[in-house]
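Note that the sequence shown covers residues 1320 to 1789 in the working numbering.
All residues carry an ideal CB built from backbone N, CA and C; glycine is no exception.
Take a look at the structure set out below.
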Amino acid sequence: MSTTVVIFGASGDLAARLLYPALYRLEERGLLDEVRLVATALEDWTLAAFLGQVDTALAAHRTEPAPLERLRRRFSYQQGDLTPHAAAELAPLLSETNAYYLALPPGFFPTAAAAIAESGITQAGRHRLVVEKPFGTDGASAAALEDDLHRYWDERQIFRIDHYLGKETVQNLSVMRFANRVIEPLLRAEHVDQVQITVAETLGVEGRYRYYDGIGALRDMIQNHLMQLFCLAAMDAPAVWDADVLRDHKVEVMRAVRRPAGPVTGWASRGQYTAGSLRGSPVPGYLEEPGISAGSATETFAAVRLQVDSWRWQGIPFYLRSGKRLGADLSEIAFRFREPPTQLFTKTMLADAEPNWLVLRLDQPEGIDLFVQTRAPGTEMAAESSRLHTDFGSATEGVTAYEQLLLDVLEDDHTSFLRVDEVDWAWRILDCIIDEWSTGAPEPYQAGSSGPACQDSILLDGHAWRPLPE
Ligand code: BG6
């Protein structure tokens, strides 16, 4: 049974950077055999001109001639302007099942979703709509966007992408938790005393100022990627592996997040990078980046402390932080375990032993580290921290997030896509921060550092952020 994937915004950056490489890799694996690809954009291109764009997009990737040729032959190109009239012209290219990928700026989602439905092409066959974050800029705008989409599309037809859910490690988080008797029973307040989720980037805004300025780290990263990681790390075990049950469990976590009244200062902090240096080279501050509005108060670093009022996590803080132009790239979920209930080694150097950490590494090489205390070789009873670790396979064997997610769309599997209430609850938790941060200014931090000092103010007594790698 064949499927057509229609890419709206086929001349854009998202398609070139992420979709064409992912489609190539699926082709190479022989997973597109029954798939037709239709590219559509405003440009008045011939098919050959469009394929030239695909070639350019793939030039930086390793490709083999045979699969590349197969991929090229799969494409049609259709000029179109997001009107019902233009969408109707897609009809001869459609199949029994169709997925419309809106690789467009979010402001165009309602127009495109309406144009497809109003053109009449969705009246027969199966139709899926794929949309990318950002889903609104706060709770109210997200709700308005969802109303626009739901006017024409059922929730079952909508695939909301958060590309973190397609990452190997994130998929592995659930397997690691729920397929291992040795790990899951330990992940609860009785044994864990804090959880830290960090996505630190050395990248700055990289020319994305139109999107990023006024949006900032809280909306760009915390509301979606880190919130999803938090839900997957904190949720209870679903009784069955089913997209809706899984998403019910994630929503349950967000519903249980304590939402303290009053100022957010005690549980949320923000920063903005100033000029500094990275790997020995000077880099400009955020306000000096091209395109950034003068005196912008957009935060490029955000940290929040979330507490889940559930039996499993009562009293345990989940710290989430993400920032740009930090001194190192680090993407991880880290559980810190409590001290053993009694200390046998009080009279030795083992008394200073470090608590255990279980760390899931989301950047390359993706994998798991468990830090345990072992006896240091020698005559003294002294401890050293040993790292038990595993890597999840190299980048070339592994599946990239977009490959995985495209495959899931083809297979109608919603497990790794956001349901509307997940988006809604994430905003409900963060809307009060957005309100409060609409005035005042973020604390400056130097590019290349580990972020603003105020990130420490949200930590509970005795807790410290895990250091970024040197
Ligand atoms: C995107 C954000 O969603 O995720 C970017 O808009 C960020 O600002 C990117 O750099 C990080 O993704 P990854 O996969 O590189 O960790």
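contact_flag[the stretch 1651-1661, the stretch 1621-1635] where n(CB pairs < 8 Å) is 3 or more:
no
Extract the residue ranges of the beta strand (DSSP E) inside the stretch 1581-1630, only unbroken runs of 3 or more that lie entirely within it.
1587-1593, 1595-1597, 1600-1602 and 1620-1626
Which residues mark the beginning and the end of the alpha helix (DSSP H) in which residue 1723 is found?
Translated into positions along the sequence shown, residue 1723 becomes position 404. Counting along the chain, the alpha helix (DSSP H) containing residue 1723 begins and ends at 1720-1729.
Backbone secondary structure at residue 1403 - three-state DSSP:
The sequence position of residue 1403 within the sequence shown is 84, counting from 1. Residue 1403 falls in the helix class under three-state DSSP.
Beta-carbon separation of residue 1751 and residue 1627 under 9 Å?
Within the sequence shown, numbered from 1, the residue matching residue 1751 stands at position 432. Within the sequence shown, numbered from 1, the residue matching residue 1627 stands at position 308. In this structure, residue 1627 does not lie closer than 9 Å to residue 1751 by Cβ.
Provide the residue span of the alpha helix (DSSP H) that contains residue 1743, from first to last.
In the sequence shown, the residue the question calls residue 1743 occupies position 424. Counting along the chain, the alpha helix (DSSP H) containing residue 1743 begins and ends at 1739-1755.
For residue 1684, which residues from the same chain have a beta carbon less than 6 Å from its beta carbon, with the 5 sequence-adjacent residues on both sides left out?
The sequence position of residue 1684 within the sequence shown is 365, counting from 1. So the list reads 1710, once near-sequence residues are dropped.
Once the 5 residues before and after residue 1513 are set aside, which same chain residues still bring their CB inside 6 Å of it?
Counted from its first residue, the sequence shown places residue 1513 at position 194. Correct list, in chain order: 1636, 1655 and 1782.
Every unbroken alpha helix (DSSP H) within the stretch 1367-1418, with a cutoff of 4 residues, ordered by chain:
1384-1393 and 1403-1407
Report the start-end ranges of each beta strand (DSSP E) in the stretch 1427-1504 that is 3 residues or longer and not cut off at the edges.
1445-1451 and 1477-1480
Measure the Cβ-Cβ separation of residue 1401 and residue 1440 and say whether it is below 9 Å.
Working through the sequence shown from its first residue, we reach residue 1401 at position 82. Working through the sequence shown from its first residue, we reach residue 1440 at position 121. No.
Distance between beta carbons of residue 1430 and residue 1399, contact taken as under 8 Å
In the sequence shown, counting from the first residue as 1, residue 1399 sits at position 80. In the sequence shown, counting from the first residue as 1, residue 1430 sits at position 111. Not really, about 12 Å apart at Cβ, beyond 8 Å.
Beta-carbon gap between residue 1662 and residue 1620 smaller than 9 Å:
Translated into positions along the sequence shown, residue 1662 becomes position 343. Translated into positions along the sequence shown, residue 1620 becomes position 301. It is not a contact, given that the beta carbons lie outside the stated cut-off.
What do you reckon, are the CB atoms on residue 1404 and residue 1340 nearer than 9 Å?
The residue you call residue 1404 lines up with position 85 of the sequence shown. The residue you call residue 1340 lines up with position 21 of the sequence shown. The answer is no: Cβ separation not under 9 Å.
So the candidates are 1686, 1729, 1461 and 1350; which of them puts its Cα closest to the Cα of residue 1538?
Taking the sequence shown and counting its residues from 1, the one referred to as residue 1538 is at position 219. Nearest of 1686, 1729, 1461 and 1350 to residue 1538, Cα basis: 1461.
Where residue 1571 sits in the DSSP three-state scheme
Working through the sequence shown from its first residue, we reach residue 1571 at position 252. Reduced to three states, the DSSP call for residue 1571 is helix.
Apart from the five residues just before and just after residue 1362, which ones in its own chain have a Cβ nearer than 6 Å to its Cβ?
One-based indexing of the sequence shown puts residue 1362 at position 43. Contacts found: 1330.
Do you know whose CA, among 1622, 1765, 1491 and 1761, lies nearest residue 1720's CA?
By 1-based counting over the sequence shown, the position of residue 1720 is 401. For the residues 1622, 1765, 1491 and 1761, the minimum Cα distance to residue 1720 belongs to 1491.
Counting pairs of Cβ atoms below 8 Å between the stretch 1569-1584 and the stretch 1605-1617, do you hit three or more?
no
Taking DSSP as the reference, what is the three-state secondary structure of residue 1336?
Against the sequence shown, residue 1336 aligns to sequence position 17. Here residue 1336 sits in helix by DSSP.
Where in the stretch 1507-1543 do unbroken runs of the alpha helix (DSSP H), each at least 4 residues long, occur, reported from the N-terminal end onward?
1528-1531
Taking DSSP's pairing of strands, which residues face residue 1694 in a bridge?
If you number the sequence shown from 1, residue 1694 lands on position 375. Paired residues: 1702.
Do the stretch 1447-1455 and the stretch 1415-1426 make contact, defined as three or more Cβ pairs closer than 8 Å?
yes
Is there a C-beta anywhere in chain C that falls below 9 Å from the one on residue 1333?
Among the chains of the structure shown, chain C does not appear; only one protein chain is present.
Look at the alpha carbon of residue 1718 and the alpha carbon of residue 1693, and state the distance between them as a whole number of angstroms.
Taking the first residue of the sequence shown as position 1, residue 1718 is located at position 399. Taking the first residue of the sequence shown as position 1, residue 1693 is located at position 374. Each residue's alpha carbon lies about 35 Å from the other.
Can you tell me the Cα-Cα spacing of residue 1678 and residue 1785, whole angstroms?
Locating residue 1678 in the sequence shown gives position 359, counting from the first residue. Locating residue 1785 in the sequence shown gives position 466, counting from the first residue. Each residue's alpha carbon lies about 11 Å from the other.
Inspect the beta-carbon positions of residue 1641 and residue 1767 and report whether they are closer than 9 Å.
Mapped onto the sequence shown, residue 1641 falls at position 322. Mapped onto the sequence shown, residue 1767 falls at position 448. No, these two residues do not count as a Cβ contact at 9 Å.
Using a threshold of 9 Å, state whether the C-beta atoms of residue 1638 and residue 1777 are closer than that.
Along the sequence shown, read from residue 1 onward, the residue named residue 1638 stands at position 319. Along the sequence shown, read from residue 1 onward, the residue named residue 1777 stands at position 458. Their beta carbons are under 9 Å apart, which means residue 1638 touches residue 1777 by this criterion.
In whole angstroms, what is the alpha-carbon distance linking residue 1501 and residue 1469?
Taking the sequence shown and counting its residues from 1, the one referred to as residue 1501 is at position 182. Taking the sequence shown and counting its residues from 1, the one referred to as residue 1469 is at position 150. Each residue's alpha carbon lies about 43 Å from the other.
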